[in-house]
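A.B. asks:
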Amino acid sequence: MSEIKRIISLYKNKEQLPSEVIKKYLEKARKNEFNSFISFNEKVLEQAEELDKKVKEGKIKGRLFGIPVSIKDNILIKGLKCTCASKILENYIAPYDATVIERLKKEGALITGKTNMDEFAMGSSNEYSAFGPASNPFDKERVPGGSSGGSAISVSADEAPLSLGSDTGGSIRLPASFCGVYGLKPTYGAVSRYGLVAFASSLDQIGPFAKYIEDVEILFDVIKGKDEKDKTSAYYPEREIKPSYLLKIGVLKDSFSDKVEDEIKTSLEEFIKLLEKEKIAEFKEFEMESFEYAIAVYYIVACAEASSNLARYDGVLYGFKLKGNNLWDMYEKTRTEGFGEEVKRRIMLGAFVLKSGYYEEYYVKAQKVRTKILKEFLKNLEEFDLLLMPVSPTLPFKKGEKLKDPISMYLSDIFTVSINLAGLPAIAFPFKLSKQGLPVGFQFVSKFFTEKLFFEVLKKIEKIIHG
Ligand code: GLN
32 MSEIKRIISL YKNKEQLPSE VIKKYLEKAR KNEFNSFISF NEKVLEQAEE LDKKVKEGKI
92 KGRLFGIPVS IKDNILIKGL KCTCASKILE NYIAPYDATV IERLKKEGAL ITGKTNMDEF
152 AMGSSNEYSA FGPASNPFDK ERVPGGSSGG SAISVSADEA PLSLGSDTGG SIRLPASFCG
212 VYGLKPTYGA VSRYGLVAFA SSLDQIGPFA KYIEDVEILF DVIKGKDEKD KTSAYYPERE
272 IKPSYLLKIG VLKDSFSDKV EDEIKTSLEE FIKLLEKEKI AEFKEFEMES FEYAIAVYYI
332 VACAEASSNL ARYDGVLYGF KLKGNNLWDM YEKTRTEGFG EEVKRRIMLG AFVLKSGYYE
392 EYYVKAQKVR TKILKEFLKN LEEFDLLLMP VSPTLPFKKG EKLKDPISMY LSDIFTVSIN
452 LAGLPAIAFP FKLSKQGLPV GFQFVSKFFT EKLFFEVLKK IEKIIHG
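Here's what the structure looks like:
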């Protein structure tokens, strides 16, 4: 199944026009029942009407022709606000398109609006937004996951068939999992970061959300590949990837630790049994010695990079500015008022671990462990085609539950951050609903530039689960 193909065939058969499709999605999105949008693209209807003409002339061209897409509010779209859910960028208008946006537009996509997120993508619950928290569509009392919460909600609640988010330590996969949709964190370098507001540049990646795996594949195909404007982007190797008849999948031992909620563990066992029964894969547990250090390493590296990346918001170049008695006073007032609590905590943590005297102790050590994490992953990926683990140790939690305790919030990322540190691709996929009716999903990890394997395997699994 594919929403993209379904909508394009509506156009081809002249059953519906892009402006009609856009209206339907926008009507839902504009109600903003879950606070998933920060702003809307006021020109989208005009843009859709241009495409209407093409439909009437029978000139349908582009892999995303007339497909609505929502975009996380840390990706630049020329002429639209890009707030990063921060007061400091409240009125900032993007002067150019991110490369992913250029690529979407070239394929005929229609951008509907900018989605809610944790401020500067720092968080796991979407509660750290200057525009208010967003809600989980399955239970409004609960969080949608973060930081790309709005993107995940928009797809889950049919406010948009597709969305783009960013993942630095789990921000695509966690909300995807909490909202019951797919979320792909591509291989580092597979997608250009040009025009993505930087949080931690060595970890950040843009990636797609969708309800069906085929749509994740199409959207990823559109955005991936070398971009001269991002020197860390790579030529995506085009090679045939055919899953072997019986896949070998490694299950991370920590998936069954007492830190993981029981229902997640029993669902994981159920998932494994299902794939064994269907003769899709055989499973074996694997261990990662460095796993327990991943959170500490991630929060050192990510905060260090963030403290440097966020130095540019000082009231001079961008948006928000408060008057001061002198230049330093202006900087201080602007940054104190403009940034939220969590962002300030990260900047301070980052400045601390980079300070002379502490640098070797924290930052350098963290980089060494980062290399060890990568090596351990690569070793396991020699033995297995895919690795399997939960996305989060818990089901979507209640709003407010972790706000007073940042460490417990950081622990939500226990299964996601190590993959960003290694730069490997990972995909969160929905499996079932829990007894309380909340989504339960897991994630696969694979070798560099082998996203295709996810798509092939998950197409089979999607068929088995949903028919
Ligand atoms: N939750 C993690 C953090 O707060 C990951 C964020 C992200 O991937 N952008 O840093």
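Start counting the sequence shown at 32; every next residue gets the next number (my numbering).
No residue lacks a Cβ here, since even glycine has one placed at the ideal position from N, Cα and C.
Could you check what DSSP says for L442 in three-state terms: helix, strand or coil?
C.D. replies: Helix.
A.B. asks: Can you give the beta carbon distance from E190 to A382, rounded, assuming they're within the 8 Å contact cut?
C.D. replies: Their Cβ separation, rounded to whole angstroms, is 38 Å, which puts E190 and A382 out of contact at 8 Å.
A.B. asks: Could you compute how far the alpha carbon of R377 sits from the alpha carbon of S338?
C.D. replies: Going from the Cα of R377 to the Cα of S338 covers about 7 Å.
A.B. asks: Would you mind working out which of I237, K410 and M153 sits nearest Y330, comparing C-alpha positions?
C.D. replies: Closest by alpha carbon: M153.
A.B. asks: Does DSSP put S185 in a helix, a strand or coil?
C.D. replies: In this structure, S185 counts as helix in the three-state DSSP scheme.
A.B. asks: Drop a sphere of 10 angstroms on the beta-carbon of T114, count the other beta-carbons inside from all chains shown, and report buried for 16 or more, exposed for fewer.
C.D. replies: Answer is buried; the Cβ neighbour count reaches 16.
A.B. asks: Is it the case that the Cβ atoms of F10 and K296 are separated by a distance below 7 Å?
C.D. replies: Nothing about residue 10 can be read from this structure; the chain reaches only from 32 to 498.
A.B. asks: Looking only at C-alpha atoms, which of I203, S178, A327 and K284 sits nearest to K315?
C.D. replies: The shortest Cα separation from K315 among I203, S178, A327 and K284 belongs to K284.
A.B. asks: Taking all protein chains shown into account, decide if N66 is buried (16 or more other Cβ within 10 angstroms of its Cβ) or exposed.
C.D. replies: Answer is buried; the Cβ neighbour count reaches 16.
A.B. asks: Short of 6 Å in beta carbon distance, which residues of its chain neighbour V282, apart from the five on each side in sequence? Order them along the chain.
C.D. replies: If we look at V282 and ignore the five residues flanking it on each side, its Cβ neighbours are F314, E316 and L419.
A.B. asks: Please classify V291: does DSSP put it in a helix, a strand, or coil?
C.D. replies: Looking at V291 - three-state DSSP - the assignment turns out to be coil, as it is neither helix nor strand.
A.B. asks: Between A165 and N147, which are expected to be in contact by the criterion C-beta below 8 Å, what is the C-beta distance as a whole number of angstroms?
C.D. replies: That pair is a contact at about 5 Å.
A.B. asks: Using the C-alpha atoms, what's the distance from E158 back to L358?
C.D. replies: Looking at the two C-alpha atoms, the distance is approximately 32 Å.
A.B. asks: With a threshold of 6 Å (Cβ to nearest heavy atom), would G180 be considered close to the ligand GLN?
C.D. replies: No, the beta carbon of G180 sits no closer than 6 Å to any heavy atom of the ligand GLN.
A.B. asks: Suppose you measure from the CA of F71 to the CA of S182; what does that come to, to the nearest Å?
C.D. replies: Between F71 and S182, the C-alpha separation is close to 13 Å.
A.B. asks: Distance, Cα to Cα, D170 vs H497?
C.D. replies: Going by the C-alpha atoms only, they are around 22 Å apart.
A.B. asks: Could you compute how far the alpha carbon of S233 sits from the alpha carbon of T263?
C.D. replies: Using only the alpha carbons, I get a separation of about 9 Å.
A.B. asks: Compare the C-alpha of D416 against each of M379, S477 and I35 and name the closest.
C.D. replies: Nearest option by C-alpha distance: S477.
A.B. asks: Mind the definition here: the stretch 234-250 touches the stretch 192-210 only if three or more C-beta pairs lie below 8 Å; say whether that holds.
C.D. replies: Yes, the stretch 234-250 is in contact with the stretch 192-210.
A.B. asks: If I follow the unbroken alpha helix (DSSP H) through M379, where does it start and stop?
C.D. replies: Note, M379: alpha helix (DSSP H), E372 to L385.
A.B. asks: Just checking T97 against the ligand GLN - is the residue's beta carbon closer than 6 Å to any of the ligand's heavy atoms?
C.D. replies: Residue identity differs from the one stated: residue 97 is Gly in this sequence, not Thr. No, the beta carbon of G97 sits no closer than 6 Å to any heavy atom of the ligand GLN.
A.B. asks: Is T20 helix, strand or coil by DSSP?
C.D. replies: The chain is shown from 32 up to 498; residue 20 falls before or after that span and cannot be answered.
A.B. asks: Is L114 near the ligand GLN, judged by its Cβ being under 6 Å from some heavy atom?
C.D. replies: A quick correction: the sequence has Thr, not Leu, at residue 114. Because no heavy atom of the ligand GLN lies under 6 Å away, the Cβ of T114 does not count as near it: no.
A.B. asks: Could you tell me whether any non-hydrogen atom of the ligand GLN is closer than 6 Å to the CB of D104?
C.D. replies: Flag unset: Cβ of D104 not near the ligand GLN.
A.B. asks: Would the beta-carbon of E436 be found less than 6 Å away from any heavy atom of the ligand GLN?
C.D. replies: Before going further, note that residue 436 is Asp rather than Glu in the sequence given. Because no heavy atom of the ligand GLN lies under 6 Å away, the Cβ of D436 does not count as near it: no.
A.B. asks: Return the Cβ separation of G139 and S101 in integer angstroms, given the expectation that the two are a contact with Cβ distance under 8 Å.
C.D. replies: At roughly 16 Å, the Cβ-Cβ gap does not stay under 8 Å, so G139 and S101 are not in contact.
A.B. asks: Could you tell me if the beta carbon of A152 falls within a distance shorter than 6 Å of some heavy atom in the ligand GLN?
C.D. replies: At least one heavy atom of the ligand GLN is nearer than 6 Å to the Cβ of A152, so yes.
A.B. asks: Measuring alpha carbon to alpha carbon, tell me which residue in L107, K118 and A459 is nearest P135.
C.D. replies: Note on residue identity: the sequence assigns Leu, not Pro, to residue 135. Comparing Cα-Cα distances from L135 to each of L107, K118 and A459, the minimum goes to L107.
A.B. asks: Name the two residues that bound the continuous alpha helix (DSSP H) containing V347.
C.D. replies: Note, V347: premise wrong, no alpha helix (DSSP H); not H, not E.
A.B. asks: Alpha carbon to alpha carbon, how far is R94 from K137? Give it in angstroms, no decimals.
C.D. replies: Each residue's alpha carbon lies about 9 Å from the other.
A.B. asks: Nearer than 6 Å: is that true of the beta carbon of D345 relative to any heavy atom of the ligand GLN?
C.D. replies: Checking every heavy atom of the ligand GLN against the Cβ of D345, none is found closer than 6 Å.
A.B. asks: So D198 is in the beta strand (DSSP E); what residue range does that whole segment cover?
C.D. replies: Run containing D198: L193 to D198, per the beta strand (DSSP E) assignment.
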